[in-house]
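Report on one structure; see the data block that follows.
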Amino acid sequence: MNEPSPQSHIIHSKGIFRGLPDIPSHLSGLRAIVVGASGTSGQPMVDVLSSNSERWEKVYALSRRPPKTKKDSNVEHVPMDLLYEPDKIVAILREYRVQADYIFYFGYVQLTAVEENDPMGLGDAEHLAEVNGRLFENLLFALDQASITPKRVILQTGGKNYGVHQGFVNVPLKESDPRVELEPNFYYTQEDILSKYVKGHPKTNYNVVMPQWILSAVAGTDMTIFYPLAVYAAVLRKLNKPLLFPGDLLSWDNPQPISTGILNSSFYEWLVLSPHTAGESFNITNGGEFTWSRFWPILASWYGLEWQPPSESAHYDEIDTGLCPRGYGPTGKLRSSFSIVEWAREPTTQEAWVQLSKEHGLEANPFGDPEKTFNFLQFCFSLTWSWYTSIDKAREYGWYGYCDTVASMRQVFEEFADMKMTPPLPR
Numbered sequence: 001m002n003e004p005s006p007q008s009h010i011i012h013s014k015g016i017f018r019g020l021p022d023i024p025s026h027l028s029g030l031r032a033i034v035v036g037a038s039g040t041s042g043q044p045m046v047d048v049l050s051s052n053s054e055r056w057e058k059v060y061a062l063s064r065r066p067p068k069t070k071k072d073s074n075v076e077h078v079p080m081d082l083l084y085e086p087d088k089i090v091a092i093l094r095e096y097r098v099q100a101d102y103i104f105y106f107g108y109v110q111l112t113a114v115e116e117n118d119p120m121g122l123g124d125a126e127h128l129a130e131v132n133g134r135l136f137e138n139l140l141f142a143l144d145q146a147s148i149t150p151k152r153v154i155l156q157t158g159g160k161n162y163g164v165h166q167g168f169v170n171v172p173l174k175e176s177d178p179r180v181e182l183e184p185n186f187y188y189t190q191e192d193i194l195s196k197y198v199k200g201h202p203k204t205n206y207n208v209v210m211p212q213w214i215l216s217a218v219a220g221t222d223m224t225i226f227y228p229l230a231v232y233a234a235v236l237r238k239l240n241k242p243l244l245f246p247g248d249l250l251s252w253d254n255p256q257p258i259s260t261g262i263l264n265s266s267f268y269e270w271l272v273l274s275p276h277t278a279g280e281s282f283n284i285t286n287g288g289e290f291t292w293s294r295f296w297p298i299l300a301s302w303y304g305l306e307w308q309p310p311s312e313s314a315h316y317d318e319i320d321t322g323l324c325p326r327g328y329g330p331t332g333k334l335r336s337s338f339s340i341v342e343w344a345r346e347p348t349t350q351e352a353w354v355q356l357s358k359e360h361g362l363e364a365n366p367f368g369d370p371e372k373t374f375n376f377l378q379f380c381f382s383l384t385w386s387w388y389t390s391i392d393k394a395r396e397y398g399w400y401g402y403c404d405t406v407a408s409m410r411q412v413f414e415e416f417a418d419m420k421m422t423p424p425l426p427r
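In terms of UniProt numbering, the sequence shown has 405 at position 405, counting the first letter as 1, and numbering is strictly consecutive.
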């Protein structure tokens, strides 16, 4: 294990982001592979790397659909599905003559939830581990066959590393916490694959990073709570109804570990270019506390809505996970007074969106598959346990970046509108 760097750092601000490190100017001509480049994490990573073409000579964006980039940028889209046969992946890497100093891995397959046996919509754990392990293994195999030897591989995991999807965990979450092996976990599968790869490749090192709810404006992804939240508020404004919170008071007051895509990506860039961070795992968040109780009145004000907090006298449906990740205390319970998914299925809700789409020329339809779009948001609202996350380790190693989550959320909501995914915020 490396020791935290004792050296001082020069930092700067950029827009709403503070404490960003100045990266030495002698670092230039670098090449990177961004896997999952069009997704919630991959798109911001491409944006950060492509913003400095002197440092990053080439960014290979591996994804099924291309990320949004400028035509004259240093980004080249490499169309690929990591579920292809390995030989096909190798052939594509060779065809595009891909070479890379650094790899940022955000590849992920979310399996379709089956409501009867997966009420939380998290997918079958064993199947997730097999499929997502195979994805990662296919890439690493192809790197060898295509003669690509990176200096560093970043593997992004998340809260499932700590069992936060299962029930009560010890907070704040720390990188030294042991694995929770109550069921298969695809993050552990991927980490084991990476560890084996690095042992066989002495010129390659790695980092594992663990953000939680990721805030970014990306079309065509369901791995977010923020787009459905913007849709929910916009429809309630159209229907002239109050902004209701479906969770209970525990969820209402729990700090939410939110991280913003651009800030995460700035951290990842700094991470791979910092020799003293090699081989370490890090949590990453925006650096401040965020609760629904503080944010709900702000969200209501953006849309000109009345709002209501949770009611102690309301009836709450309860789902028991039957799991206790920390090994003592109660099992996890999800509680909600109503279902956002069922709300999204209501004819009145869907008709309101049809009207909004006509009025504002919207190009997205979040109601085509309500469960797919809104299930993550329902899960987030229903959590009765805390998963507050420590980023002390990142600070100890010299990362000072932070941003105000509310300001970042406002910015992302406005980007959703610019992308014709939601109506504009009322002025």
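We put the CB at the ideal spot given by N, CA and C, even for glycine. Just so it is clear, the structure is predicted and the values come from calculations on it, not from any experiment.
- Remark: C-beta atoms of valine 46 and valine 59 approach each other more closely than 8 Å.
- For methionine 45, the uninterrupted alpha helix (DSSP H) run begins and ends at 42-50, by DSSP.
- C-alpha of valine 180 to C-alpha of threonine 277: approximately 25 Å in a straight line.
- By the Cβ-count criterion, asparagine 2 is exposed, with fewer than 16 other Cβ atoms from all chains shown falling within 10 Å of its own Cβ.
- Three or more Cβ pairs drawn from the stretch 331-340 and the stretch 154-173 lie within less than 8 Å of each other, which places the two stretches in contact.
- For methionine 409, the three-state secondary structure derived from DSSP is helix.
- Residues of the same chain with a CB within less than 7 Å of the CB of leucine 383, apart from the 5 flanking positions on each side, are Ser251, Asn254, Leu334 in chain order.
- In this structure threonine 389 is buried. Its beta-carbon is surrounded by 16 or more other beta-carbon atoms within 10 angstroms.
- In this structure, the beta-carbon distance from phenylalanine 267 to glycine 159 does not fall below 8 Å.
- DSSP places tyrosine 303 inside the alpha helix (DSSP H), whose first and last residues are 292-303.
- In this structure, valine 218 and tryptophan 353 do not form a Cβ contact; the two beta carbons are roughly 20 Å apart against a cut-off of 8 Å.
- Between the stretch 412-420 and the stretch 215-229 there are three or more C-beta pairs closer than 8 Å, enough to call the two in contact.
- Every alpha helix (DSSP H) stretch that sits fully inside the stretch 356-422 and reaches 4 residues is listed by chain position as 370-382, 392-396, 405-418.
- Note that the C-beta distance between arginine 31 and glutamate 57 is below 8 Å.
- Taking C-beta separations shorter than 8 Å and ignoring five residues to either side along the sequence, the partners of arginine 64 in its chain run Ser38, Pro79, Met80, Asp81, following chain order.
- Put simply, the backbone Cα of asparagine 138 is about 9 Å away from that of aspartate 87.
- Unbroken alpha helix (DSSP H) stretches of 4 residues or longer found wholly inside the stretch 170-203: 186-199, given in chain order.
- Proline 178 sits exposed, since fewer than 16 C-beta atoms from the chains shown fall within 10 Å of its C-beta.
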